[in-house]
Structure formats: structure tokens, C-alpha cells
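Input: a single structure, listed below in C-alpha cells.
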Amino acid sequence: MIFKLSWKNIWRNPVRSGSVIAAVLLGTWAAIFLSAFFSGMYEQHIRNELDNHVGHLQVHAPEYNEDARTAHYIPRDDSVARIIRQYSFIHSVSNRTLANGLASSSANNYGVTIIGVDPDEERQVSRIHEQINTGTYLDTTRRSPVVVGEPLADRLKLEIGSKVVLQFQDVSNEITAGLFRVVGLYSTSNAQYDETHVFVHKKDLSPLLGRSDLTHEMVARVDDFHRADVYADSLDAMLGGVVVESWQDVSPMLRYINSSLDTMMFVFMAIIILALTLGIINTMLMAVLERTHELGMLMAIGMNRSRIFTMILVETFLLTLTGVPLGMLFSWGSISYLQDTGVDLSIVGEGLREYGLGTHIYPIIETDHFLYLALMVAVAAVLAAIYPAWKALKLNPVEAIRKV
Amino acid sequence: MAVIESHELVKIYDEEGVPVRAVNGVDVSIKRGEFSAIVGPSGSGKTTLLNIIGGLDEPTSGTVSIEGTDLFALDQNERIDFRLHHIGFVFQAYNLIPVLTAIENVAFILQMQGKPNRECRQRARELLESVGLSDKIDKRPNELSGGQQQRVAVARALASKPDFVLADEPTANLDSTSSANLLDMMAELNRKEEITFIFSTHDQRVIDRARRVMTLEDGKIVSDETREPETA
Numbered sequence: 462m463i464f465k466l467s468w469k470n471i472w473r474n475p476v477r478s479g480s481v482i483a484a485v486l487l488g489t490w491a492a493i494f495l496s497a498f499f500s501g502m503y504e505q506h507i508r509n510e511l512d513n514h515v516g517h518l519q520v521h522a523p524e525y526n527e528d529a530r531t532a533h534y535i536p537r538d539d540s541v542a543r544i545i546r547q548y549s550f551i552h553s554v555s556n557r558t559l560a561n562g563l564a565s566s567s568a569n570n571y572g573v574t575i576i577g578v579d580p581d582e583e584r585q586v587s588r589i590h591e592q593i594n595t596g597t598y599l600d601t602t603r604r605s606p607v608v609v610g611e612p613l614a615d616r617l618k619l620e621i622g623s624k625v626v627l628q629f630q631d632v633s634n635e636i637t638a639g640l641f642r643v644v645g646l647y648s649t650s651n652a653q654y655d656e657t658h659v660f661v662h663k664k665d666l667s668p669l670l671g672r673s674d675l676t677h678e679m680v681a682r683v684d685d686f687h688r689a690d691v692y693a694d695s696l697d698a699m700l701g702g703v704v705v706e707s708w709q710d711v712s713p714m715l716r717y718i719n720s721s722l723d724t725m726m727f728v729f730m731a732i733i734i735l736a737l738t739l740g741i742i743n744t745m746l747m748a749v750l751e752r753t754h755e756l757g758m759l760m761a762i763g764m765n766r767s768r769i770f771t772m773i774l775v776e777t778f779l780l781t782l783t784g785v786p787l788g789m790l791f792s793w794g795s796i797s798y799l800q801d802t803g804v805d806l807s808i809v810g811e812g813l814r815e816y817g818l819g820t821h822i823y824p825i826i827e828t829d830h831f832l833y834l835a836l837m838v839a840v841a842a843v844l845a846a847i848y849p850a851w852k853a854l855k856l857n858p859v860e861a862i863r864k865v
Numbered sequence: 708m709a710v711i712e713s714h715e716l717v718k719i720y721d722e723e724g725v726p727v728r729a730v731n732g733v734d735v736s737i738k739r740g741e742f743s744a745i746v747g748p749s750g751s752g753k754t755t756l757l758n759i760i761g762g763l764d765e766p767t768s769g770t771v772s773i774e775g776t777d778l779f780a781l782d783q784n785e786r787i788d789f790r791l792h793h794i795g796f797v798f799q800a801y802n803l804i805p806v807l808t809a810i811e812n813v814a815f816i817l818q819m820q821g822k823p824n825r826e827c828r829q830r831a832r833e834l835l836e837s838v839g840l841s842d843k844i845d846k847r848p849n850e851l852s853g854g855q856q857q858r859v860a861v862a863r864a865l866a867s868k869p870d871f872v873l874a875d876e877p878t879a880n881l882d883s884t885s886s887a888n889l890l891d892m893m894a895e896l897n898r899k900e901e902i903t904f905i906f907s908t909h910d911q912r913v914i915d916r917a918r919r920v921m922t923l924e925d926g927k928i929v930s931d932e933t934r935e936p937e938t939a
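In order, the protein sequence lines correspond to chains A and B. With positions in the first sequence counted from 1, the corresponding number in this note's numbering is that position plus 461. With positions in the second sequence counted from 1, the corresponding number in this note's numbering is that position plus 707.
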């Protein structure tokens with residue numbers, strides 16, 4: 462009886478009911494889609510940073526972390542690498558030679574980190590080779606090739622074939638330098654990184670540092686980067702004489718971004734749900750106040766307060782029950798479509814690059830998160846009905862009947 | 708035995724700080740099968756008295772007993788439930804539920820009493836036939852004339868087989884033909900089924916048909932006359 466009356470009541474004003482359904486639909490869609498959008502954005506940012514710069518795990522000599530001098534290389538790097546590779550969760554490892562120094566061209570000079578790599582190994586842990594916009598990666602027959610970031614090339618006025626002198630300290634802390642030729646210009650989503658990092662052959666850099674083959678850093682990819690902390694701890698416990706760190710340890714900012722996602726999502730959801738709740742309270746309150754006379758009459762003829770309360774709740778519940786599944790459907794559709802094509806934000810591409818993001822954001826959401834958000838909206842919508850229903854309870858039948 | 712007994716009923720309203728005695732020490736006793744009218748000028752306290760007798764409004768002091776039950780010893784929810792089972796209401800503005808059809812409006816009372824659906828519809832149909840609306844049972848209020856809506860309201864008031872029906876200015880919004888038809892119908896229900904009707908009115912047509920007329924002035928019953936009514 463109450464269900465039937467509630468159902469008929471919500472269709473007495475289709476525009477108002479439609480607006481509640483639309484509000485719930487939009488609220489559900491916004492909650493789910495924005496969550497997926499920001500999850501996608503953060504995931505993309507982290508993946509970009511890990512794929513292009515940080516890697517999943519890093520191994521250094523303990524002294525290197527204190528003082529990044531070339532003398533602080535990893536002793537017995539071959540055997541360390543061999544042990545690491547034995548672990549099933551390790552996907553690939555690349556040994557890097559590092560030197561902090563100065564890049565000089567005929568036009569200018571600038572402080573850089575020089576990364577010496579074996580191109581075949583490096584391909585397995587980083588995607589810099591895919592970010593070459595001009596020229597080639599290090600797999601070239603030219604002598605002493607160097608790949609530089611586009612911002613650095615602009616600053617030093619470098620182009621393909623340009624000479625660049627890289628100056629740094631060797632393992633004996635003596636100043637040394639080498640002449641390199643630019644073979645490729647790369648550009649990642651992190652402009653600051655691109656301006657301060659250059660890539661050379663490990664075999665070209667190590668001799669300049671005073672040893673034929675030096676490793677300052679091992680970068681590894683693992684099967685699940687979300688578990689890098691656990692993997693790093695187990696490797697660190699296993700290996701002596703080196704420090705194994707996860708990307709979260711190496712880049713606290715990324716860890717912070719990752720953990721702040723939940724907080725940010727909570728704030729976003731709270732705003733959306735608050736707006737939705739206020740919208741529903743406002744509309745349902747109108748629906749109650751508009752029917753004051755009728756509700757008074759219902760009380761007069763014997764409809765008790767709990768039935769009136771239930772009737773208003775059921776009305777909201779029916780509207781919510783329509784709005785939430787529609788919102789879920791819309792968000793599922795839009796996320797499914799955009800997770801392939803991406804949300805094109807190229808219009809603000811430069812700004813996004815500053816934040817280490819590409820121009821396309823690919824929304825992602827997990828099923829349980831999807832259902833959880835939909836449930837949260839539904840619960841908020843039903844809770845929003847309590848105030849108008851409670852307001853209806855406060856009506857005095859005599860005063861209510863007098864109102865027309 | 709009296710269906711309704713009131714003793715020393717007083718209702719004082721506070722109007723902008725000034726106490727107003729809308730009902731001022733009313734003792735009234737109404738027996739089963741009466742067809743009574745409470746009359747008086749506007750502001751004399753008719754509707755207030757009717758609302759108190761119906762348990763819609765609480766008196767400042769005094770008691771109302773219905774079939775031996777002290778109405779104001781009940782809490783609000785108990786009183787709503789009491790109304791559902793013992794009192795029928797007919798309002799000046801019909802007050803039907805706009806989204807329900809005539810039969811649904813009448814059956815609604817019975818459904819609230821927890822009666823089975825089939826029984827509710829059967830009784831509602833019979834009642835609508837008895838008020839001459841057998842061909843309008845599936846019409847919504849906005850598809851019915853004022854007189855027809857008030858007939859549905861009477862059918863609804865009778866649905867729960869109440870101890871009495873309170874009708875507040877039931878003809879105020881009706882034309883003379885509809886008023887006459889409605890009064891005929893209620894008089895017949897009173898005569899045949901001994902249903903007790905109490906009207907609050909200043910409509911002379913209603914007063915003429917009443918067998919007992921209580922005149923209210925300044926919240927007090929100034930005359931209480933029992934007589935043979937004029938026939939329609």
C-alpha cells in the first residue's frame with residue numbers, strides 16, 4: 462500500500478522527480494568517473510615516472526646514498542646482479558654508471574646527471590628509447606653518442622651531430638671530461654628531468670671515470686610495482702653491502718602522491734555527496750512542504766507517523782533506485798570508452814607536462830571501488846531523505862489541514 | 708449509551724500573546740444514530756470543537772470519551788490509530804488523495820487497517836455503489852465533480868465502519884443540487900444503517916435536515932434543540 466502510494470506520488474510531478482533522478486545520476490556518474498579519472502591520472506603519472514626515470518627498485522652502494530660521488534660504486538656488481546635476477550618477481554635489471562657534472566656546448570653549459578647505460582639492458586627497465594623525438598637512441602655506430610633531453614638541447618643550442626663536452630669527477634676525485642656527439646633528443650612527461658639528464662654508453666663513461674666497468678646504480682623492474690616495497694625489503698635483507706630501495710623510498714614525492722590519492726578522492730567524494738545530499742534534501746523537502754495539507758489529511762484519517770515517514774523514504778528510495786543504476790551505467794560506458802581513447806587534454810598539455818603527465822588521461826577503476834562508490838551515493842541519497850521525512854513527522858494534522 | 712461524551716472542554720489559543728477561548732466549557736453527549744449539527748457564526752468554535760471531538764486537536768482542559776475510551780489519555784500514535792478504526796472524517800475541501808482513484812481512496816483506509824486487498828476492494832466497491840458512484844470507481848479526484856468527490860469522501864469515511872462520522876462544512880463547496888443529493892444520501896445511511904453523523908455547519912440546508920442542532924456562540928453551547936427534521 463505504502464509502496465504503491467509512494468510510486469504514484471513520485472510521478473505526480475515528473476519534472477521534480479526527473480530532477481532528483483538526474484541529480485542522483487549525475488552524482489553517481491561524477492563520483493565514479495572522477496574517481497576513475499584521478500586514479501588514471503595518478504597511475505599514469507607514477508607509471509611515467511617509474512618507466513622513464515625511477516624504475517621499480519634501485520640498488521646503490523650505501524655510501525652513494527650519503528654522497529653521490531663516482532667513487533661510491535657498487536662492488537662486485539656482476540654477482541649482485543646475478544643474485545637479483547634469480548628472484549621470480551624480478552622482470553629485468555639494468556646496471557648504470559652515474560656521474561654528476563657539467564654539459565658544455567659552444568653556446569652554454571648546464572649542470573646534468575650523466576647516465577651510462579647498456580642500451581639493451583636499459584630498454585628492459587626504462588622507456589627513454591621510446592621517447593626519442595629526433596635522431597636515434599644509443600644503439601648507433603657513431604663514437605661516443607649522447608642522448609639529451611629537448612629542454613637541455615634548447616638551453617645549450619644543441620642539435621643532432623652537435624658536440625657536447627661532459628665534465629665530471631672520476632673515482633679519484635680528479636676533474637675529467639669527454640667529448641660526445643648528440644645522436645638523439647628525447648622528451649618525457651617530466652620537463653625538469655629532461656633538462657638535467659643525459660644518456661651515454663656505459664662503456665664510454667666508465668673508462669673516463671677511471672675503471673673499465675663501473676656500476677653506481679642497478680635499476681630493476683618487478684612484476685607488480687605496487688609491491689615494490691615488499692620486494693625491496695626482501696632483497697635488502699638478502700644482499701649485503703648494498704642498499705635496495707623501492708621507488709617509494711627513492712622518490713618520496715611519488716609515494717606521497719600515491720598515498721594522497723585516497724585523501725584527495727575522499728575530499729572529492731565528500732563534496733560530490735554533500736552537494737547531492739543537499740540537492741535531494743531541498744527537492745524532497747519541497748515535495749513534503751507542497752503536500753503539507755495532504756499529509757495532514759492522511760494523519761487525520763488514520764495514517765500513522767511511521768507510515769508517513771516510510772512513505773517519504775520509499776519515494777526517495779525509488780528515485781535513487783532509478784538514478785544510481787543509470788549513473789553506474791553512464792559511468793561504466795564513459796570509462797570503458799575513455800580508457801581506450803583517453804581524455805584528450807592536449808589543450809593544457811604543457812601544464813600537464815610540468816606535472817609529469819601526458820596529454821591524454823586514461824581513466825581506470827576497479828570493480829569493487831566502482832560498486833563501493835555507487836553504494837555510497839545510494840546510501841547518501843537515502844540518508845538525505847531522512848530530514849524531509851522527519852519534517853513530515855513534525856506536522857500537526859490540524860495546522861496542516863488548514864494550509865492549502 | 709452515548710458514543711461521545713465530552714466534559715468541560717476548554718480550548719485556549721494564544722493569538723499574538725492574547726489568550727482566546729475558542730471552546731469554553733463544552734459538555735456534549737451524542738448518542739448512536741444521531742444526525743446532529745453544530746451551528747454558529749464564523750469564529751464561534753464549531754470547527755475547533757469538531758477537531759477536538761475527532762482527536763485532531765488537543766483541548767487545553769476537559770475530556771472526550773468515545774465509546775468509553777478517554778481520547779486524550781492516548782498518545783499521538785494511539786490516537787491516530789484510534790481515528791483509523793473509530794472515526795470517519797468528511798472535510799469541506801474533500802481532501803481525497805489526488806493520485807489514487809475513487810476505489811483506491813476508499814480502500815486505502817481498509818488497507819491501513821491491514822485488511823486483505825480483495826476484501827478492501829470489495830468493500831470499497833460496495834460503498835461507492837451505496838453513494839451512487841458505481842460508474843466512477845476508477846476515476847481520479849480531478850476527473851470527478853465536487854459533489855462526486857464529496858461522495859467519495861463520505862464512502863471513505865464509512866469504510867472502516869466508524870462509531871461516528873464528523874463532517875466539517877461538507878456542503879460548503881457544493882452547489883444546491885449536489886448539496887441536496889449529498890444530504891439525502893447521508894440521511895439515508897443514517898436512517899438505514901444507524902450511522903452517527905455530526906456536522907459543523909452554517910449551511911441552512913444542513914441545519915434543516917438535522918434532528919439535533921447545537922448552537923455555539925463564543926465557544927459555548929447556547930442552545931441544544933432536538934426536533935423532527937424537514938424532509939428533502
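Cβ atoms here follow ideal geometry from the backbone N, Cα and C, with glycine treated the same way.
The C-beta separation of GLY596/A from ILE621/A comes to about 4 Å, placing the pair in contact by the 8 Å criterion. Two segments are said to touch when three or more pairs of C-beta atoms, one from each, lie closer than 8 Å; by this definition the segment 820 to 834 of chain B does not touch the segment 892 to 903 of chain B. By the Cβ neighbour-count rule, HIS793/B is buried, with 16 or more other Cβ atoms within 10 Å of its own.
Counting C-beta pairs with one atom in each stretch, the segment 614 to 630 of chain A and the segment 677 to 688 of chain A have fewer than three that are closer than 8 Å, which means they do not touch.
When the alpha-carbon of MET747/A is set against those of VAL481/A, VAL661/A, GLY763/A, the nearest one is in VAL481/A. At the C-beta level, ARG790/B and ILE762/A come within 8 Å of one another.
DSSP places TYR548/A outside both helix and strand once states are collapsed to three, so it counts as coil.
Looking at the DSSP output, LYS624/A shares a beta bridge with ARG642/A. Residues of chain B with a Cβ closer than 8 Å to the Cβ of LYS469/A are, in chain order, VAL806, LEU807. Between the alpha carbons of LEU617/A and ASP579/A lies a gap of roughly 25 Å. Within chain A, the residues ALA761, ILE762 have their CB atoms less than 7 Å from the CB of PHE796/B, given in chain order. Contact annotation: LEU889/B and GLN856/B have beta-carbon atoms that are not nearer than 8 Å. Between LEU737/A and ALA846/A, the C-beta spacing is not below 8 Å. Look at GLU755/A: its C-beta is under 8 Å from a C-beta on chain B. Interface with chain A (8 Å Cβ-Cβ cutoff): ARG790/B is included. Against chain B, the CB of ARG477/A has no partner CB under 8 Å away; the residue lies outside that interface.
Distances from the alpha-carbon of LEU613/A to those of VAL643/A, TYR823/A, ARG604/A put VAL643/A closest. Rounded to the nearest angstrom, the gap between the Cα atoms of ILE760/B and VAL746/B is 15 Å.
For chain B, none of the residues of the segment 708 to 742 of chain A brings a beta carbon within less than 9 Å of one of its beta carbons. At a Cβ-Cβ threshold of 8 Å, PHE770/A and ALA839/A do not count as neighbours. Per DSSP, THR770/B is one residue of the beta strand (DSSP E) stretching across 768 to 773. Taking C-alpha positions only, GLY501/A is separated from ILE822/A by approximately 6 Å.
Pairwise C-beta distances place the segment 670 to 679 of chain A in contact with the segment 531 to 538 of chain A, as three or more of them are shorter than 8 Å. As computed with DSSP, GLY572/A is found in a beta bridge with LEU563/A. When rounded, the separation of the alpha-carbon atoms in GLU635/A and GLY671/A is 10 Å. Between LYS718/B and THR767/B, the C-beta gap is smaller than 8 Å, which places the two residues in contact.
Excluding sequence positions up to five before and after LEU669/A, its CB lies within less than 6 Å of the CB of THR637, GLY639, all in the same chain and listed in chain order.
Secondary structure within the segment 676 to 741 of chain A: the beta strand (DSSP E) runs of 3 or more consecutive residues, fully enclosed, are 678 to 683, 704 to 707 (chain order).
Under DSSP, SER736/B forms a beta bridge with GLU712/B. Between LEU835/B and ALA809/B, the C-beta gap is smaller than 8 Å, which places the two residues in contact. Of the other Cβ atoms in all chains shown, fewer than 16 fall within 10 Å of the Cβ of ILE808/A; this residue is therefore exposed.
Interface criterion not met: the Cβ of GLN857/B is under 8 Å from no Cβ in chain A. Nearest Cα to SER852/B within the set LEU873/B, GLN829/B, ASN897/B, LEU803/B: LEU803/B. Just so you know, the alpha carbons of GLN585/A and ARG557/A end up roughly 13 Å apart.
If one requires a minimum length of 4 residues, the alpha helix (DSSP H) runs lying completely within the segment 774 to 851 of chain A are 810 to 815, 828 to 845, in chain order. Between PRO858/A and LEU756/B, the beta carbon gap of about 16 Å keeps them out of contact (Cβ cut-off 8 Å).
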